[in-house]
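If you want the numbering used here, it's the position in the sequence shown, counting the first as 1, plus 126.
Read the structure below first, then the notes.
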Amino acid sequence: MYTYTVHKYEYTLNLFTNFHQWLLLYKKGAILIFTLKGPFAAMVTPYTQDGEINENELRQIVNFLIEKGIKGLFPTGSVGEFFHHSVEYICKVIEIVSQEAQGRVPVIPGACSSCVENTLKIAKFAASKGCPAVVISPPYYVPLKEEEIYQFYLQVLEKIPINVVLYDIPFRTNRLPPGVIEKLILHEKVIGIKDSSGSMQNLMYYLILSRKYKKDFSVMTGNDDVLLPALYMGCSGSMSGMATIVPEIVSEIYSLFENNDHQKAKELQFKVAEIVRLIEKFPFPVGYRIAMSIRGFEMGPHKQVVVPLLNTSEYSRIYEKMRNALEDLLNEETGLNV
Numbered sequence: 127m128y129t130y131t132v133h134k135y136e137y138t139l140n141l142f143t144n145f146h147q148w149l150l151l152y153k154k155g156a157i158l159i160f161t162l163k164g165p166f167a168a169m170v171t172p173y174t175q176d177g178e179i180n181e182n183e184l185r186q187i188v189n190f191l192i193e194k195g196i197k198g199l200f201p202t203g204s205v206g207e208f209f210h211h212s213v214e215y216i217c218k219v220i221e222i223v224s225q226e227a228q229g230r231v232p233v234i235p236g237a238c239s240s241c242v243e244n245t246l247k248i249a250k251f252a253a254s255k256g257c258p259a260v261v262i263s264p265p266y267y268v269p270l271k272e273e274e275i276y277q278f279y280l281q282v283l284e285k286i287p288i289n290v291v292l293y294d295i296p297f298r299t300n301r302l303p304p305g306v307i308e309k310l311i312l313h314e315k316v317i318g319i320k321d322s323s324g325s326m327q328n329l330m331y332y333l334i335l336s337r338k339y340k341k342d343f344s345v346m347t348g349n350d351d352v353l354l355p356a357l358y359m360g361c362s363g364s365m366s367g368m369a370t371i372v373p374e375i376v377s378e379i380y381s382l383f384e385n386n387d388h389q390k391a392k393e394l395q396f397k398v399a400e401i402v403r404l405i406e407k408f409p410f411p412v413g414y415r416i417a418m419s420i421r422g423f424e425m426g427p428h429k430q431v432v433v434p435l436l437n438t439s440e441y442s443r444i445y446e447k448m449r450n451a452l453e454d455l456l457n458e459e460t461g462l463n464v
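So this is what it looks like as structure tokens:
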């Protein structure tokens, strides 16, 4: 159940069962303000042996994440390998995740693309499935100037019936310029930003903008190794890969933070950061897929060409180290095995 502000009146809606009410309100000109908060899981996409979506496994992952305390789902993002998928493939993932979530937590999918046309197709489809927002990065592959990036977002915002979370991931797309963010934050449909730059300086800048221009603008970190520092500085939450791998641990960090158990929260943060270092020894996002297989999910073959490291003694060494780290963390904190 989620609370929306609609022209200053609050409505609590289960989006899955009340989507037509949501759409009716929007068509009447209502501005639906959705506030991001807590840990959102950047979901991996499981594949069958022939590279199709493993629907049964994907549904199991949805239920696993919700049962472990995750507050929202972020499918079809970078960890979910949207860049390997067609628009139709992305929409199918969104449909499956939304169906299985059944309104228990919000589903905020990625609608990233290299062009306006495909971004619109994905965003409109997400809206039709009751998603309250989509995550949109600047276009990738072709370098763009600041004004071109701004116009990209404006064209998208004008044509979609859904809120937008900005996505700054400068290692993989055009950087989201500060000047563009300062203008877009004022748009009624722009409700937050996911920062995957890894820079605390950037996070502070977004938090300052939020305090100055829009207090309900959510700042979400996409980097697991700065989760706790980000919460201390005032971030609303996170959209990250480790929230998929160890959702119970990431949820516990939030709980400890909210209950002022800072020492225990710090201990967990350092342990999570150690596992992130191991995951990063593999090509992105293969490490997350391997970690998810350790948790017992059938991930299927990797989409990208992966390398010499696989099927070697070095791979086995890192794999065992990752498995042991995950097992130790889960045993110590929850009494569970991987």
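Quick reminder that beta carbons are idealized off the backbone N, C-alpha and C, glycines included.
The model shown is predicted, which means the values in this text are computed figures rather than measured ones.
Alpha-carbon spacing of Asp-454 relative to Glu-446, whole angstroms: Here residue 454 corresponds to residue number 328 of the sequence shown, with the count starting at 1. Here residue 446 corresponds to residue number 320 of the sequence shown, with the count starting at 1. Distance between the alpha carbons of Asp-454 and Glu-446 is about 12 Å.
Helix, strand or coil: which one does DSSP assign to Asp-321? What you label residue 321 is simply residue 195 of the sequence shown in a count that begins at 1. Strand.
Reduced DSSP category for Ala-451 - H, G, I as helix; E, B as strand; rest coil: Here residue 451 refers to the residue found at position 325 of the sequence shown. If DSSP states are grouped into helix, strand and coil, Ala-451 belongs with the helices.
Of the choices Glu-221, Thr-370, Lys-197, whose alpha-carbon is the least far from that of Val-205? The residue labelled residue 205 in the question sits at position 79 within the sequence shown. Closest by alpha carbon: Thr-370.
Checking 8 Å against the spacing of the C-beta atoms, do Leu-452 and Ile-401 come in under that value? On the sequence shown, position 326 is the one that residue 452 refers to. On the sequence shown, position 275 is the one that residue 401 refers to. Contact flag set, yes.
Roughly how many angstroms separate the alpha carbons of Gly-360 and Met-169, rounded to a whole number? Working through the sequence shown from its first residue, we reach residue 360 at position 234. Working through the sequence shown from its first residue, we reach residue 169 at position 43. Looking at the two C-alpha atoms, the distance is approximately 24 Å.
When you compare only the Cα positions, how much space is there between Leu-283 and Glu-314? Reading the sequence shown from its first residue, position 157 is the one you call residue 283. Reading the sequence shown from its first residue, position 188 is the one you call residue 314. Rounded to the nearest angstrom, the two C-alpha atoms are 9 Å apart.
Tell me the rounded alpha-carbon separation between Gly-305 and Glu-272. Your numbering for residue 305 matches position 179 in the sequence shown. Your numbering for residue 272 matches position 146 in the sequence shown. Gly-305 and Glu-272 have their C-alpha atoms spaced approximately 8 Å apart.
Our contact map puts Pro-201 next to Ile-220 with C-beta atoms below 8 Å; I'd like the distance itself, whole angstroms only. Taking the sequence shown and counting its residues from 1, one reaches residue 201 at position 75. Taking the sequence shown and counting its residues from 1, one reaches residue 220 at position 94. Right, their Cβ atoms sit about 6 Å apart.
Whole angstroms are fine: how far does the CA of Lys-390 sit from the CA of Lys-285? Here residue 285 is taken as the residue at index 159 of the sequence shown, counted from 1. Here residue 390 is taken as the residue at index 264 of the sequence shown, counted from 1. Answer to the nearest angstrom: the Cα atoms are 46 Å apart.
With 16 other Cβ atoms within 10 Å as the buried cut-off, status of Lys-338: Taking the sequence shown and counting its residues from 1, one reaches residue 338 at position 212. Lys-338 is exposed by the Cβ-count criterion.
So, is Leu-150 buried or exposed, given that buried needs 16 or more other C-beta atoms within 10 angstroms? Taking the sequence shown and counting its residues from 1, one reaches residue 150 at position 24. Residue placement at Leu-150 is flagged as unreliable, the pLDDT there being 45, under the threshold of 50; a coordinate-derived value is accordingly withheld.
DSSP-derived helix/strand/coil call for Val-261: Taking the sequence shown and counting its residues from 1, one reaches residue 261 at position 135. Three-state DSSP puts Val-261 in a strand.
May I ask which residues mark the beginning and end of the alpha helix (DSSP H) holding Tyr-339? Position 213 of the sequence shown, counted from the first residue, corresponds to residue 339. Residues 326-339.
Counting C-beta neighbours from all protein chains within 10 Å, is the total for Leu-312 16 or more, i.e. buried, or is it exposed? As a working mapping, residue 312 is identified with position 186 in the sequence shown. Label assigned to Leu-312: exposed.
Taking Gly-367 as the reference, give the member of Asn-328, Ile-416, Tyr-173 with the closest Cα. Mapped onto the sequence shown, residue 367 falls at position 241. For Gly-367, the nearest C-alpha among the options comes from Ile-416.
Under the DSSP definition of a beta bridge, which residues are partnered with Ser-366? For the purposes of this step, residue 366 is taken as the residue at position 240 of the sequence shown. DSSP, once it has assigned bridges, lists Ala-167 as partnering Ser-366.
With Phe-200 as the anchor, note down where its beta strand (DSSP E) starts and where it stops. Here residue 200 is taken as the residue at index 74 of the sequence shown, counted from 1. Start and end: 198-200.
Mind checking who Gly-236 pairs with in its DSSP beta bridge? As a first step, residue 236 is located in the sequence shown; it is residue number 110 there, counting from the start. Answer is Val-261, bridged to Gly-236.
For Val-205, the three-state DSSP class (helix, strand or coil): In the sequence shown, the residue the question calls residue 205 occupies position 79. Correct three-state label for Val-205: coil.
Tyr-414 to Lys-407 span [Cα, whole Å]: For this step, residue 414 is matched to residue 288 along the sequence shown. For this step, residue 407 is matched to residue 281 along the sequence shown. One C-alpha to the other measures close to 11 Å.
Please classify Gln-388 as buried or exposed, where buried requires at least 16 neighbouring CB atoms within 10 angstroms. Your numbering for residue 388 matches position 262 in the sequence shown. Residue identity check: residue 388 is His in the sequence provided, not Gln. Classification for His-388: exposed.
For Val-345 and Tyr-332, which I take to be in contact (beta-carbon distance under 8 Å), what is that distance rounded to the nearest angstrom? Counting from 1 along the sequence shown, the entry for residue 345 is found at position 219. Counting from 1 along the sequence shown, the entry for residue 332 is found at position 206. Indeed they touch by this definition, with Cβ atoms about 5 Å apart.
Give the C-beta separation of Ile-465 and Ile-179 to the nearest angstrom, bearing in mind that I take them to be a contact with Cβ-Cβ under 8 Å. It is not possible to answer for residue 465, since the shown part of the chain is limited to 127 through 464.
Ignore the nearest five residues each way along the sequence and tell me which others in Arg-403's own chain have a CB closer than 6 Å to its CB. To locate residue 403, count along the sequence shown from 1; it is residue 277. If we look at Arg-403 and ignore the five residues flanking it on each side, it has no Cβ neighbours.
Between Met-425, Gly-426, Arg-421, which lies nearest to Asn-450 when the distance is taken from Cα to Cα? Reading the sequence shown from its first residue, position 324 is the one you call residue 450. When only C-alpha atoms are compared, the closest one is Arg-421.
For Ser-344, which residues does DSSP report across the bridge? Taking the sequence shown and counting its residues from 1, one reaches residue 344 at position 218. Gly-318, per the DSSP bridge assignment.
Return yes when the Cβ of Leu-329 is within less than 8 Å of the Cβ of Ala-356, no when it is not. In the sequence shown, the residue the question calls residue 356 occupies position 230. In the sequence shown, the residue the question calls residue 329 occupies position 203. Yes; because the gap between Cβ atoms is below 8 Å, this pair is in contact.
Quick one, are the C-beta atoms of Val-261 and Gly-229 less than 8 Å apart? Your numbering for residue 261 matches position 135 in the sequence shown. Your numbering for residue 229 matches position 103 in the sequence shown. Contact flag unset, no.
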